[in-house]
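Under our numbering, think of the first position of the sequence shown as 554, with each following residue one higher. The C-beta atom is built at its ideal place from N, Cα and C for all residues, glycine as well. Computed from a predicted structure; not experimentally measured.
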Amino acid sequence: MQVVTTRLDDKDLKELSEIENAEKADRAIVIRKLLARGTMAWRLESAVKKLRDREISIRKAAELARLPYSEMLDIMERENIDSGYTLKDLYGDFGKLKK
Numbered sequence: 554m555q556v557v558t559t560r561l562d563d564k565d566l567k568e569l570s571e572i573e574n575a576e577k578a579d580r581a582i583v584i585r586k587l588l589a590r591g592t593m594a595w596r597l598e599s600a601v602k603k604l605r606d607r608e609i610s611i612r613k614a615a616e617l618a619r620l621p622y623s624e625m626l627d628i629m630e631r632e633n634i635d636s637g638y639t640l641k642d643l644y645g646d647f648g649k650l651k652k
């Protein structure tokens with residue numbers, strides 16, 4: 554594990570202290586938890602943006618967000634992201650199944 558040093562303004566330090574008290578945890582533990590949450594949120598936001606911009610596939614977005622594929626589908630529905638799968642694609646897939 555490596556040591557990381559950063560400066561915090563008084564407002565952020567006060568909020569950090571409030572979280573420490575609420576969680577009954579020391580500063581290092583609280584900072585690691587907050588960093589993990591922030592990293593997870595960033596991964597999801599990045600995956601959703603790239604998916605919405607059609608830069609990556611659904612599977613790649615799920616991998617980037619470190620989520621199951623099915624959960625990424627739920628997020629797409631909630632965020633109103635079109636999968637790009639058309640009615641023509643569906644008929645084509647049905648045609649392949651008949652063969």
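Going by the beta-carbon positions, is the gap between residue i and residue j smaller than 8 Å?
i: L604; j: I611; result: yes
i: G637; j: R596; result: no
i: L569; j: R580; result: yes
For residue i, which of helix, strand or coil comes out of DSSP?
i: E573; result: helix
i: Y622; result: helix
i: E568; result: helix
For residue i, is the classification buried or exposed, using 16 other Cβ atoms within 10 angstroms of its Cβ as the cut-off for buried?
i: A600; result: buried
i: V583; result: buried
i: M554; result: exposed
i: A589; result: exposed
i: A618; result: buried
i: M625; result: buried
i: A594; result: exposed
i: A575; result: exposed
When you measure from the CB of residue i to every non-hydrogen atom of the ligand MG, does any distance come out below 7 Å?
i: D646; result: What this structure holds is no ligand at all, so the ligand MG is not there to describe.
Kindly indicate if chain D contains any beta-carbon less than 8 Å away from that of residue i.
i: L643; result: The structure shown contains no chain D; it is built from a single protein chain.
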